[in-house]
Amino acid sequence: MGRRRRRVDRGAAVGALPKAIAALSRTLPAGPSPEIFRRAKFDRPEAAPALWQLLFRVLSPLSADGASASPAQGEPPSTEAQVRAVKSELRSQGYPRRALAQLPEDGSQGSRELLLALAWLLARGPLLERLLAQTRVRLGDEIPLCECEALARPGAPVPRVEADGPVDIRHLQWLMGKLRFQWRKLITSQQEQCALLGKIHSYTRGCHSDRSLGHLSVAETELLRDAEGGQQDTVLGTCPPEASQPTFVPRIPERGAGEWELVARELQALQEELRGAAEPRRAAWEARVGGWGPEWSAVQRASREAVGLELAALQRAWERGGAAAQPHGPCRLVKSDAGASGGPGLRAAQVIEVLRSREACLEAVLCQLQRQCRQELARLAGALPGLIWILPPGR
Amino acid sequence: MLPADCSRRLVAELRDALDACAERQRQLERSLRVSRRLLRTWEPAETPAPQPTPAPETSGEAPSPESTPSSQDLKELELLTQALEKAVRVRKGISKTGERHKALSLKSGSAATSATTASAPSRPSGQASCRVSETKPPRGIQQTVVPARGLPESRLLSVGDRTRMGRGSRATKPGPGPRDQQIPPSAALQAPEAFTLKEKGILLRLPMAYRKAASRNSRLWAQLSSAQTSDSMDAAATAKTQFLQKMQMTSGGPGSGLSAAAVEAEVGLLRTACLLLRRRMEEVLSADPADCMQEYRCLLTLEGLQAITEQCLHRLQELRAAVVGRQLGPWPVGRRPGASLPCGGGTDPLWSPQLLLYSSTQELQTLEALRLRLAMLDQQIHLEKVLMAELLPLVGTQGPHWLALCRAVHSLLCEGGERFLTVLRDEPAD
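Line by line, the protein sequences give chains A and B.
In this text, residue positions in the first sequence follow full-length UniProt numbering: the first is 1, and each later residue adds one.
In this text, residue positions in the second sequence follow full-length UniProt numbering: the first is 1, and each later residue adds one.
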């Protein structure tokens, strides 16, 4: 009985595989034909280029129309560039097999290894869903609550034409000023966009067939506006950019590994200071409290708990698990009256609270960095006597 | 003048930051253009201005004739729906390919015809107010396309009634009734009364085909996400983990499971942790305990901070061991994975988006302003770290114009470039 069932199962599995592969090849961007997959299983060289291309498309960020990640480059990158990019990206994601890194850069070999890599990507995470989510039409007005998706995209290594040669520090000051001004402009533009969005949502209240939404989004309103003119391309053209707002992808500093030493030094210095502060206090405390009564121990326990909670909250600021309550990914904006509690969806007030605490945390980090700089500069400046340093007011 | 390589790196960083800002600004302006256009009067048959160089709105062009209006984007929706369906099939391993395709092709066929009729309700005001005076709309051809409809018509009627009754001064002439006014879109374009979202936005209705496609779309997303929790998924999950483990084994030795990117991200987090711990320590040390209780709490806090610092150091050593053991080689170039603060969900797929409810424009503005501020702070922190790494060593070595350099560096690093300090020479009074 068992053997028969096993044979049936295997038969079902064997039957399902070609269909799955066929579906996969249709779903993936630049999906190779099922024949390519079959050839790759036997490590045929002719299957390799298609798989390199597939991996490149899958690993690089896709804009909504599936264009290449770096529009600035114009035409799609060469095979060598694609191969290099795929290797680098897989390695940084932790791909375990070294055989991939040793494949030739002309993309002519290694189809079986590439098939393994694809399987690895599919097994690790919801790759297909992520691809679909990237290319889907955004029907609503979306606001990404978390910038991490944007940051997680590998920055396209565009060879930048830079000002060679040394610059004066005043050039840097000028660039910083320009940056500050840009941010101010951004904030005002953003405020205006919010006001307009609020109006559109108010004016179309009651129009949506989906009662939980209640009003139309900009995309939907535009769909109706342009419905007669045969201008739907504009609708889809404007949909996706609302959702994808990449923040800057900073270059990695060329001595990235040096950060480890820096952090180690800082942590050790901090540990020393803490020990130096805590030990004498503990000694002094023990000396004072030595003979106190049992009612004091209850108070002590309460203090310990309170401090424990505070420190746990502090730790949450940087540990991964802490922000789990924060939703991930884009949310669709819906304007509804304040009384609507108990329905699905997040409330803006809650999100604002979470964002404010993150803001406080980041401000603390920035202040701390600036303080370190101030101390360091004071130390360096103190080496020169005969000067008076007047700090700027209003700190 | 700064040394050449230092200049190059710093200028590159600052330009990257400016580019990121500029990109955000571009996207914002695109959205602004779209929104402004929707809030203006909806002149028919305008050339839209979605391009970066917007052309002025031109009205009065001949409206494009009854080319299939909404089938274009319906096809797009349908393609995406098809892709979703395939994904569902890959999950379930069931083949309904045959009937699905048939159903879809039927749908796309009917979409074309239903589109013209379905978009008619989106112009109820135009029709209700269509004074058949100046330009008699050429109804001849179009009317044959329009079948008699039950429910949408009654909705149209009630909406039209509401329009007439609710808006006194704006009351349109009670025309012959909406039934006769079912002029398909292209003819309604010549309706003289303009449409503004403010006044008549409430009358808009989404086309039926769109609604059907959108609801099917969201149903499929829900199906996909619910399929995750079924039993077959557990079997798939174990198969996946086994496969991943096997891959790890064949690569020659058990790895730590960490990627170079993850290690780097965690080192960054530990740096942030160090800063925050130090800040708390300084707060505690500068506070003046008023009574025994506060003294005790200060002591406990310091000891707790010490324990956490040791944990962080330990974790740092672990990361170092992982890097060295796996010989990850040079750090990946051209990419920086982490922000200054982590975000919780890493593996959650981006399903059909959650709703975010806001109650007033002010609330939305606050929310967006905070988001921008967080992005700006993130950028500032990164720039601060980079500038510190490059400029502080320069101040350490005394060169020409050291004072000016020192003053400029102080302003950049300590005041965000906004304020300057003054240096005076301390001349002894002779």
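Cβ atoms here follow ideal geometry from the backbone N, Cα and C, with glycine treated the same way.
What is the residue span of the beta strand (DSSP E) that W183 of chain A lies within? Here W183 of chain A belongs to no beta strand (DSSP E); instead the alpha helix (DSSP H) covers 169-203.
Need the endpoints of the alpha helix (DSSP H) that P34 of chain A sits in, please. 34-41
When you compare each of A:A360, A:E305, A:E220, A:V365 to R138 of chain A by their alpha carbons, which one comes out closest? A:E220
Within chain B, partners of I36 of chain A - CB distance below 8 Å: None at all; the shortest Cβ gap to chain B is about 17 Å.
Give the interface partners of E43 of chain B over in chain A, defined as CB-CB distance under 8 Å, in chain order. Within chain A, no C-beta atom comes nearer than 8 Å to that of E43 of chain B; the closest sits roughly 10 Å away.
8 Å Cβ cutoff, G165 of chain A in contact with chain B: yes
Within 10 angstroms of the Cβ of R225 of chain A, are there 16 or more other Cβ atoms? Answer buried if so, exposed if not. A buried status is given to R225 of chain A, since no fewer than 16 other beta-carbon atoms sit within 10 Å of its beta-carbon.
Measure from the C-beta of P280 of chain A to each C-beta in chain B and report whether the shortest distance is under 8 Å. no
Please report the straight-line C-alpha distance between L369 of chain B and Q173 of chain A, rounded to a whole angstrom. Here residue 369 of chain B turns out to be Ala, not Leu, going by the sequence shown. For A369 of chain B and Q173 of chain A, the gap between their C-alpha atoms comes out near 25 Å.
Since S189 of chain A and L28 of chain B are thought to touch, with beta carbons under 8 Å apart, how far apart are those beta carbons, to the nearest angstrom? 5 Å
What in chain B is Cβ-close to W52 of chain A, meaning under 7 Å? By Cβ distance, chain B contributes nothing, its closest Cβ being about 19 Å from W52 of chain A, past 7 Å.
Residues near M388 of chain B in its chain [Cβ-Cβ closer than 7 Å; skip 5 each side]: L413
Can you find a CB in chain B that lies within less than 8 Å of the CB of V218 of chain A? yes
Please say whether V284 of chain B and L313 of chain B have beta carbons closer to each other than 8 Å? no
Helix, strand or coil for E142 of chain A? Go by DSSP, reduced to three states. strand
Compare the C-alpha of C331 of chain A against each of A:I169, A:L274, A:R112, A:D141 and name the closest. Nearest Cα to C331 of chain A within the set A:I169, A:L274, A:R112, A:D141: A:D141.
Assuming L224 of chain B and R124 of chain A make a contact with CB atoms under 8 Å, what is their CB distance in whole Å? With 8 Å as the limit, L224 of chain B and R124 of chain A do not qualify as a contact, their Cβ atoms being about 18 Å apart.
Taking just the CA atoms, how far does F420 of chain B sit from I390 of chain A? 9 Å
In this structure, does DSSP put Q109 of chain A in helix, strand or coil? coil
Is the region 272-281 of chain B in contact with the region 104-122 of chain A, if contact means three or more CB pairs nearer than 8 Å? no
Would you check if the distance between the CB atom of Q368 of chain A and the CB atom of R279 of chain B is smaller than 8 Å? yes
Can you tell me which residues form a DSSP beta bridge with L357 of chain B? A:V334, A:R347
Considering only the beta carbon of each residue, do Q415 of chain B and P392 of chain A sit closer than 8 Å? A small correction: the amino acid at residue 415 of chain B is Glu; Gln does not occupy that position in the sequence shown. Closer than 8 Å, so yes.
Return the CA-CA distance between R288 of chain A and C298 of chain B, expressed in angstroms with no decimal places. Rounded to the nearest whole angstrom, the C-alpha separation of R288 of chain A and C298 of chain B is 15 Å.
CB-CB under 6 Å to L316 of chain B, same chain, minus the five flanking residues each way: which ones, in chain order? L270
Note the first and the last residue of the continuous alpha helix (DSSP H) segment covering residue 432 of chain B. The shown model of chain B, from 1 to 430, leaves out residue 432 of chain B, and the question about it has no answer.
What whole-angstrom Cβ distance do P29 of chain A and L355 of chain B have, given they're in contact under 8 Å? So it is not a contact: roughly 29 Å between Cβ atoms.
Using the Cα positions of R164 of chain B and R37 of chain B, report the straight-line distance between them to the nearest angstrom. Model confidence at R164 of chain B stands at a pLDDT of 39, short of 50, so the residue's coordinates are unreliable and nothing is read from them.
8 Å Cβ cutoff, L220 of chain B in contact with chain A: no
Short Cβ contact (8 Å threshold) for W221 of chain B with L357 of chain B: Pairing W221 of chain B with L357 of chain B gives a Cβ-Cβ distance that is not under 8 Å.
Environment of L333 of chain A [buried if 16+ CB atoms lie within 10 Å]: buried
Rounded to the nearest angstrom, what separates L55 of chain A and E113 of chain A at their Cα positions? Each residue's alpha carbon lies about 12 Å from the other.
Residue range of the alpha helix (DSSP H) that includes L51 of chain A: 48-59
Is G399 of chain B close to chain A, meaning its C-beta is less than 8 Å from at least one C-beta of that chain? no
Mind checking if K185 of chain A is an interface residue toward chain B, Cβ cutoff 8 Å exclusive? yes
Measure the C-alpha to C-alpha separation of K246 of chain B and K240 of chain B and round it to an integer number of angstroms. 10 Å
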